[in-house]
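Some notes on the structure that comes next.
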Amino acid sequence: MSSIDTTTNAGQLLASSSGGRRRPGDRIFSNLSVLAGITILLLLAGVAIFLVGQAWPAITAATSELPNQESLVSYVAPLVFGTMLAAGLAVVIAVPLATAVALFITHIAPRRLAQPLGYVIDLLAAIPSIVYGLWGIAVLGPASVPVTEWLADKLSFIPFFAGPASVTGRTMFVVGIVLALMILPIVSAVAREVFSQTPKRLQEGAMALGATRWEMIRMTVLPFGRSALISGSMLGLGRALGETMAVAIILSGSGAVTFNLISTDNPSTIAANIALQFPESSGIDVNVLIASGLVLFAITLVVNMAARAVIARSNVQ
Amino acid sequence: MSGPRAGTPAEARKLLGGSGKRGALPGGASWMAVGAAAIVVAALLLVTGIFAAGFLVVGTMIVASIGLYAWSRSVEGARSAKDRMMSMGIASAFALAMIPLASLLWTVVSKGINRFDVAFFTESARGVIGAGGGASHAIVGTLVITGIATLISVPIGLMAAIYLNEYGGTSRLRRALTFFVDVMTGIPSIVAGLFAYALFEIFFGPGIRLGIMGSVALTVLMIPIVIRSSEEILKIVPNHLREASYALGTPKWKTITKVVLPTALAGLVTGIMLAIARIVGETAPLLVTTGVIDSMNANAFDGRMQNLAVYAYNEYKNPGVPPEPSFDRAWTAVLVLILIVMLLNLAARWVYRRFGTEIR
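As you go down the protein sequences, you meet chains A and B in turn.
Okay, so the first sequence: first residue is 1 according to my numbering, each after it adds one.
Okay, so the second sequence: first residue is 318 according to my numbering, each after it adds one.
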């Protein structure tokens, strides 16, 4: 911050010393950069305005005009539930794994391996979601069937595994795992960054006091990285909430509201529902879908802002 | 050894730990535990008849961790045992996370290789029902849509990053921009697609599908990535370069274009390439804006336009008769996409290493 101020001041000083007004080149260039900034703000405002504008007919329409004669709220509510369930499941699976991956790379793996492994994980973040979707339905779905059948057989008293198990594997269970894989690189990148910044003196101090490696990690690395882990998880949650194609391909959604993860009766998600319905929709149906997109936008906005707030607070400390 | 001095950590621990009987497990104890656990779990699963790869992997990890704990506890004591168990647990979790990813890459390569032939790159899918056909129209579409998005995003994103880093100071616009760029990073891709649709619907009426709409949707996703990476790079250009330039009487805009940007060039190019890699595989926003089409269309302003990701989705979702050739084409499309993404990533890294100025 302070360094930026000095250069700005130096520039201004220079500008003012040479005759009190800025050169035309300077004026044009700085105006262009301001213009770019304003364009972006306008673009974002445009996103909100146009979405609201297109959602408005659906929001104001009478219930009888809407698809299936059901109100907008009762149309969107099960989708919101499904979205939350899928994303929540993904975070529950991904965060412990991502923490372990980050710890493994920063503290456990041999130094020689650490950098290539980190690179591989970064590369995974770049794999398009459609690939995860196709892999989910072609490989993981069928592979999950014996496991879910066993769960339905032995653990059906837990509501999540009430069954009966789907024979195709197009379940919330598989969606949760695939979404977890997709957000794993993001969460672990944030965690890795902060774990590797744990002050050496703390780590060496712990070791010098005779701590084992795990005790050192538990007493220095994990407390140091806690808030980053929280914000990283929330960024991952934001990503999982808006993830579209993987869910659209894998899940056979029926619009049910249920915590049962392994049956054929699955709640759909907002994003997947839009992707599946939009190409064949027209008229008020399109407005309804855009209204549901607006809800998704609002949810991810809240989650992301909360994540940023956590980051900002931890930076102050 | 005289007095309470310890040569190795193990000896130090022994001294601090107090009680006498402390040995050490043989080297490679962890691998032995994994091997033994795998055999035990595999035998158990075969006996009970519920053999599945997932059970084997997870079971082996749990049994190995617990077994190692018990073994180490009896030889080395409780604290070492816990250390070993947690290290094993963390390594297992890492392996657990890597298995699906390895499987994913293997699946894409092994299934995609079937149709990785000349026809795939030279023919379109027009009139193709069974075998044959290709994705040349989708490849052209991907290049056009992504290219236009890049042409829009890079100037705006770069100038905004220059504003943030060189001109913004502590102004209100700078703070607002920083905040809203963060917000923009989190926009779900499908929402960006809906925005582009909502925007163009006003001018062209309902049901409109154009290549340029896809570019606009991708622009919304790409701009924040470009700004973030450019800002990071501009930030690490040392101030003394700027100050030296000012001292020579160079105007600020020339300082930026002739000193700051050239210094940061490799980093900026790397950032832009990574941003392209991030958006080139986007499916959802294009599904709702550019639509699906089987024939070649390279004009972004005239009707529907195919691209690789939507092509793969559509071949899988609406296969022909018989379905296998469609599935093969979908996998090859996905393989091509992954190759593009990987090449962009590798090239970006190469640029940074080859041309990057030492500015850290």
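Ideal Cβ positions, reconstructed from N, Cα and C, are used throughout, including at glycine.
Inside the stretch 16–65 of chain A, DSSP marks whole alpha helix (DSSP H) runs of 4 or more residues at positions 24–60, from first to last along the chain. In the displayed model, G429/B falls within a helix according to three-state DSSP. G236/A sits away from A191/A, with the two beta carbons spaced by 8 angstroms or more. For a Cβ distance threshold of 9 angstroms, residue set I130, G133, L134, M245, A248, I249 and A275 of chain A lies close to Y630/B, ordered along the chain. Per DSSP, the continuous alpha helix (DSSP H) segment holding N662/B begins and ends at E641 to F672. By alpha-carbon distance to F672/B, the top candidate from I462/B, M659/B, R621/B and L582/B is L582/B. In the three-state DSSP reduction, N635/B falls in the coil class, being neither helix nor strand. Here A466/B really is in contact with S532/B; their C-beta atoms are around 4 angstroms apart, less than 8 angstroms.
Against G88/A, chain B offers no close residue; the least beta-carbon distance is about 16 angstroms (beta-carbon pairs closer than 7 angstroms).
Contact residues of the stretch 25–53 of chain A toward chain B are G25, D26, I28, F29, S30, L32, S33, V34, L35, A36, G37, I38, T39, I40, L41, L43, L44, G46, V47, F50, L51 and G53 (C-beta to C-beta distance below 8 angstroms). When DSSP states are grouped into helix, strand and coil, N68/A belongs to the helix group.
Rounded to the nearest angstrom, the Cβ distance from M501/B to L44/A is 6 angstroms, consistent with a contact under 8 angstroms. Listed in chain order, the non-local C-beta contacts of A436/B below 6 angstroms within the same chain comprise G451, local neighbours out to five positions each way being set aside.
For I456/B, the uninterrupted alpha helix (DSSP H) segment begins and ends at S453 to I479. With a cutoff of 8 angstroms on beta-carbon distance, W648/B and K399/B are scored as not near each other.
What F497/B touches in chain A, judged by beta-carbon distance under 8 angstroms, is I40, L41 and L44, going in chain order.
Nearest CB-CB separation between G371/B and chain A: below the 8 angstroms threshold.
In the structure shown, the three-state DSSP call for G210/A is coil. According to the DSSP assignment, D122/A belongs to the alpha helix (DSSP H) that extends over R111 to A125. In the DSSP assignment, the residues bridged to G253/A are N266/A.
Straight-line measurement puts the Cα of V52/A at about 17 angstroms from the Cα of A534/B. Taking CB atoms only, V91/A has no neighbour in chain B less than 8 angstroms away. Under the DSSP assignment, G394/B falls outside any alpha helix (DSSP H); it carries neither an H nor an E label. Just measuring C-alpha positions, the residue of E193/A, L85/A, W214/A and A114/A sitting nearest T171/A is L85/A. Of the candidates V178/A, I299/A and A165/A, V178/A places its Cα closest to the Cα of A246/A.
Less than 8 angstroms separates the beta-carbon of A592/B from that of V543/B. Within the same chain, and ignoring the five residues on either side of I108/A in sequence, no residue has its Cβ closer than 6 angstroms to its Cβ.
Proximity of the stretch 454–463 of chain B to the stretch 205–219 of chain A falls short of the contact definition, fewer than three beta-carbon pairs being nearer than 8 angstroms. For M182/A, the secondary structure class from DSSP, reduced to helix, strand or coil, is helix. The straight-line gap separating the alpha-carbon atoms of M539/B and S562/B is approximately 32 angstroms.
Under the rule that a run must span 4 or more residues, the alpha helix (DSSP H) segments found entirely inside the stretch 126–177 of chain A read 129–135 and 141–154.
Listed by position along chain A, the residues whose Cβ is nearer than 8 angstroms to that of P523/B are S282, G283 and V286.
With respect to the C-alpha of T269/A, the residue from S314/A, L294/A and F81/A having the closest C-alpha is F81/A. K200/A and A515/B have their C-alpha atoms roughly 52 angstroms apart.
Boundaries of the alpha helix (DSSP H) around M349/B: A346 to T365.
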